[in-house]
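Chemist: Under our numbering, read the sequence shown as residues 31 to 834, first letter to last. Where is the CB? At the ideal position from N, CA and C, for every residue including glycine. Next up is a structure, given as structure tokens.
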Amino acid sequence: MLDKKYNAAEKEAKWLDYWNQEKIYKFIPDGRKVFSIDTPPPTVNGKIHIGHIFSYSQTEMIARYKRLRGYNVFYPFGFDDNGLPSERLVEKEQGKKAHEIGREEFSKLCYKTTDKYEAEFQDLFSKMGISTDWDIHYKTVSPSTIKISQASFLDLVAKGHCYHKESPALWCNECLTSIAQAELETKTIKTTFNYINFKTVEDGEEFTIATTRPELLPAIVCVFVNPNDEKHKHLIGKTAHIPVVDVEVPIMGDEKVALDKGTGVVMCCTFGDQTDIEWWKKYNLPLKYIFTKDGRISENVPTYGGMKIKEARKKIIEDLQDGGFVVKIEELEHEVQTHERCGKEVEYTVMNQWFIDTMSHKEDFLKIGNEIKWHPAHMQNRYNEWVENIMWDWCISRQRYFGVPFPVWYCKDCGKPIFAKKEDLPVNPLTDKPKIDKCTNCGCKDFTPETDVMDTWATSSLTPLINMRYGEKDNYEDILKPMSLRTNASEIIRTWDFYTIVKSFYHFGTRPWDNVMISGFVMAGKGEKISKSKGNSKIEPMDAINKYSADVLRYWAGTGRLGNDIVYSDETLLRGKKLINKIWNVSKFIEMHLQDYEDKEINDYEYIDKWILGKYQEMEKGFIQYLDEYEVGLALNILEKFFWNFCDNYIEIVKHRLYRPEEFGNDARYSGQKTVYILLYKLLQDFSIFFPFITEEIYQEIYHQEKSIHLTKIKPLEFNFTNEMKNGDLIVEIISKVRGEKTNNNVSLKTPVKMLDISLNDELNAAIDKSIKDFKATLFIQNMNISSIEEGYQVNKIELEMTD
Ligand SMILES: [Zn+2]
Ligand SMILES: [Zn+2]
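Next comes the structure, spelled out in structure tokens:
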């Protein structure tokens with residue numbers, strides 16, 4: 031028998047152990063249709079916040095649903111311990127920068143730290159009832175993953191989609207690494223627009239340029255005007271003298287110069303922005319690179335060398351003012367590009383780096399985007415917009431320590447890259463030597479290792495390949511090409527989703543998955559999402575589990591709508607708690623009445639039983655439809671509504687029949703027993719998606735046919751009870767009216783009704799006639815007067831037996 035009171039903490043621990051021991055969620059290929067989930071490996075940077083709980087629970091509910099539909103669910107978990115986030119965590123914990131610790135020691139610390147946090151993550155996700163197969167979990171920095179990531183790199187190089195080039199790249203002088211366009215975040219800052227006078231060398235004509243970045247004057251290589259600009263086009267072909275830095279540069283024409291912004295004259299420096307890079311390439315301009323990697327002006331720049339960028343800006347404005355070259359200075363708010371990980375304004379650098387071609391196959395990437403079903407559908411627009419607006423190939427070199435090394439060395443003399451052989455992977459070029467004697471190009475016998483590591487996304491974009499064990503003998507390539515589902519938040523469509531599509535296209539020419547499910551964010555308050563970088567989450571997931579139980583916390587996560595944001599709300603949690611309590615109590619009630627129950631064929635159900643079976647069947651159809659569309663929240667909503675109808679109306683009616691067979695007859699009682707037996711089973715199955723723990727406890731106690739409720743299959747009902755559903759709804763409505771009358775009179779619901787005078791249409795009259803015993807017993811009716819009416823019903827009089 032079920033316990034009097036449900037002890038969540040005790041039962042949740044018990045079932046977690048049981049599932050682990052019995053390997054309930056283990057993936058074993060067995061010929062059944064596979065549903066595979068490519069779930070985002072959380073970044074291992076210290077803490078799981080409530081936002082993770084929300085999005086991972088929603089995905090997990092899909093895994094449970096698919097299992098109930100008979101799929102063999104492939105649901106691995108991964109940890110992203112790659113790259114900057116891990117490095118920053120270690121630096122923070124050690125109170126030292128990576129270069130102070132030393133490369134090798136630092137890497138060791140990174141491994142140690144990520145292992146520690148991964149164990150904590152696994153514990154928390156397990157306690158949340160995440161039904162992943164931990165035997166197939168992966169890390170993004172491990173020998174097997176490094177091997178796959180390096181193999182992917184070599185494949186792309188061989189196919190000509192990945193190349194090595196000295197080229198301008200985005201640079202973060204806080205994180206000391208180059209970064210990719212996808213890591214940029216646009217921010218609005220306050221700055222000044224400085225109007226500065228230049229002069230032509232030829233005839234000393236003054237003209238004004240406006241710039242937000244006068245510190246770039248030492249890097250100026252050209253002045254541009256628009257050839258259609260009547261006021262300035264005569265300057266084209268002349269030479270400009272630049273004040274303070276005292277250099278001369280050509281004045282050229284280009285239609286990209288905006289006529290309506292600034293003065294119509296702009297300076298081109300290497301590099302201040304994307305346009306500078308375009309012009310530098312287009313006109314083959316010289317390179318004057320003046321910044322150091324850590325955000326200062328190079329020592330070789332006169333006067334300003336060694337200064338920080340902002341210091342130099344201030345000083346150069348002063349010098350320009352002293353010389354009388356400044357016309358005016360305007361306050362200005364404008365947009366700058368910052369590094370999303372640290373919030374610092376990005377600069378540009380020029381160095382030898384590895385790039386993956388993202389520019390020349392945009393049409394293919396859009397085509398693949400079209401082959402994938404996006405949930406919700408409008409999220410595809412974000413993907414399309416991103417692809418259409420890409421301006422750079424993807425730079426995958428990072429000047430950091432902890433990550434996947436490039437399997438590459440360079441010839442010391444001629445610089446030719448020497449690649450590792452596939453069969454030798456994984457390699458670390460810093461400790462391994464290339465397996466050739468001399469450079470095939472120049473015969474030199476000395477090689478230098480590549481010291482950069484790969485961008486985090488270069489590896490996490492390979493999760494489908496990691497899951498299928500790409501390149502291994504014993505692999506899942508046929509089962510997982512493509513995977514069924516990718517889930518993630520909208521903010522990483524441009525990184526994780528896009529890069530995964532790029533890789534899948536280059537490796538296989540196909541889409542990586544059939545479906546993408548995009549979750550919203552958990553909001554800390556109005557318009558502010560909870561994020562680890564802001565540290566604005568006051569809710570510790572483990573505290574919430576301890577306070578409410580994992581099932582209740584999952585209820586909150588389950589209410590979220592696809593693609594919509596959600597607020598962490600105690601009100602919602604309390605509603606979940608109440609619901610789960612009710613599931614327990616109604617199960618206990620049903621269990622009590624099933625003690626003598628034997629499942630057998632039934633000739634005919636009682637009328638009101640047909641009503642609730644029909645109602646369930648209708649709900650189940652919608653429930654399945656919503657879950658097939660990944661609308662977890664809508665599915666939970668209609669299930670919950672049905673459940674309360676079942677408890678508040680149906681159980682209140684049927685209980686009389688269950689308690690008193692002597693009055694109603696054994697067949698009528700059996701009809702009620704069979705109905706609750708069927709429906710509780712189905713409700714437990716449906717709720718098991720959201721509340722895996724309590725439903726297992728009840729299932730094991732009452733049904734116990736399979737090893738676990740999570741291994742059962744949903745078999746949709748196939749009754750035809752349309753009429754009973756329609757009239758049953760009206761009967762329940764009448765019952766509610768009469769009960770409402772009792773409540774309004776402040777009397778017990780058991781108060782007898784001396785007389786119920788009611789008018790019914792013929793159909794409803796016949797329906798009530800068929801359920802007359804249930805109807806009278808539920809309302810404690812002594813006498814009834816029924817008259818006929820054309821349409822619907824009318825309650826004429828309710829006379830209660832008042833006892834003063
Ligand atoms: Zn940064
Ligand atoms: Zn060579």
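Tell me whether N400 is buried or exposed, calling it buried when 16 or more other Cβ atoms sit within 10 Å of its Cβ.
Modeler: exposed
Chemist: Report the three-state DSSP secondary structure of D110 (helix, strand or coil).
Modeler: D110: strand per DSSP, three-state reduction.
Chemist: Does DSSP put S789 in a helix, in a strand, or in coil?
Modeler: strand
Chemist: Closest by CA to G125, which one among Q715, M513, G113 and L139?
Modeler: L139
Chemist: Go ahead and label M484 buried or exposed: buried means 16 or more other beta carbons lie within 10 angstroms of its beta carbon, across all protein chains shown.
Modeler: buried
Chemist: Measuring CB atoms only, is the stretch 469–482 touching the stretch 139–155, in the sense that at least three cross pairs come out at less than 8 Å?
Modeler: no
Chemist: What first and last residue would you give for the alpha helix (DSSP H) that runs through P2?
Modeler: No statement about residue 2 is possible, as the shown extent of the chain runs from 31 to 834 and does not include it.
Chemist: Pick out whichever of S549, V253, Y313 and R769 has its Cα sitting closest to the Cα of D678.
Modeler: For D678, the nearest C-alpha among the options comes from R769.
Chemist: Using a Cβ cut-off of 7 Å (strictly closer), state whether S599 contacts chain B.
Modeler: Given the protein chain composition of this structure (a single chain), no chain B is represented.
Chemist: State the start and end residues of the unbroken alpha helix (DSSP H) segment that holds W384.
Modeler: It is not in any alpha helix (DSSP H) - W384 instead sits in the beta strand (DSSP E) that spans E377 to I386.
Chemist: Helix, strand or coil for N518 per DSSP?
Modeler: strand
Chemist: Short of 8 Å in beta carbon distance, which residues of its chain neighbour K780, apart from the five on each side in sequence? Order them along the chain.
Modeler: F810
Chemist: In this structure, what does DSSP give as the bridge partners for I178?
Modeler: Answer is none; I178 lacks a bridge partner.
Chemist: Looking only at its own chain, which residues have a Cβ that is under 6 Å from the Cβ of K96, when we skip the five neighbours before and after it?
Modeler: F65 and V103
Chemist: Is the stretch 542–549 close to the stretch 191–206, with three or more CB pairs under 8 Å?
Modeler: no
Chemist: In terms of alpha-carbon separation, which member of I761, T589 and V582 lies closest to K608?
Modeler: In this structure, V582 is the residue among I761, T589 and V582 with its C-alpha nearest to the C-alpha of K608.
Chemist: Give me whichever residues DSSP pairs with H405 in a beta bridge.
Modeler: Note: H405 sits in a beta bridge opposite M547.
Chemist: Taking the straight line between their C-alpha atoms, what separation do you get for Y536 and S390?
Modeler: 12 Å
Chemist: On the DSSP letters alone, give me the boundaries of the beta strand (DSSP E) that T283 sits inside.
Modeler: The question names Thr, but residue 283 is Gly in the sequence shown. Start and end: V277 to G283.
Chemist: To the nearest angstrom, report how far apart A39 and Q88 are at their CA atoms.
Modeler: 22 Å
Chemist: Mind pulling the beta strand (DSSP E) runs of 3 or more residues that sit fully within the stretch 160–206?
Modeler: 192–202
Chemist: With C-beta atoms as the reference, is L592 less than 7 Å away from Y529?
Modeler: no
Chemist: Using a Cβ-based criterion (distance less than 6 Å to any ligand heavy atom), does E204 qualify as near ligand 1?
Modeler: yes
Chemist: For E148, which residues from the same chain have a beta carbon less than 8 Å from its beta carbon, with the 5 sequence-adjacent residues on both sides left out?
Modeler: V74, F109, D111 and K169
Chemist: Can you list the residues near ligand 2, meaning Cβ strictly closer than 6 Å to any non-hydrogen atom, in the order they appear in the chain?
Modeler: C441, D443, C444, K446, C469, N471, C472 and C474
Chemist: With hydrogens ignored, establish whether the beta-carbon of K452 is closer than 6 Å to any heavy atom of ligand 1.
Modeler: No; taking the cut-off as 6 Å, the Cβ of K452 has no heavy atom of ligand 1 nearer than that.
Chemist: Compute the beta-carbon to beta-carbon distance between K318 and A270, rounded to the nearest angstrom, for a pair I have assumed lies under 8 Å.
Modeler: Contact doesn't hold; Cβ gap of about 15 Å is too wide.
Chemist: How should R343 be labelled, buried or exposed, when 16 other C-beta atoms within 10 angstroms of its C-beta is the threshold for buried?
Modeler: buried
Chemist: With DSSP as the reference, label F254 as helix, strand or coil.
Modeler: strand
Chemist: Going by DSSP, what residues sit across from S818 in a beta bridge?
Modeler: L790
Chemist: Look up R769 in the DSSP assignment and say whether it is helix, strand or coil.
Modeler: helix
Chemist: Less than 6 Å separating the Cβ of C372 from some heavy atom of ligand 1?
Modeler: C372 Cβ: within cutoff of ligand 1.
Chemist: Pick out whichever of L114, P571 and D639 has its Cα sitting closest to the Cα of S137.
Modeler: L114
Chemist: Going by beta carbon distance, what residues of the same chain come within less than 6 Å of S801, once the five residues before and after it are set aside?
Modeler: Y637 and I638
Chemist: May I ask which residues mark the beginning and end of the alpha helix (DSSP H) holding L214?
Modeler: Segment L214 to T230 is the beta strand (DSSP E) holding L214; no alpha helix (DSSP H) there.
Chemist: To the nearest angstrom, how far is the alpha carbon of I610 from that of H408?
Modeler: Those two C-alpha atoms are separated by around 34 Å.
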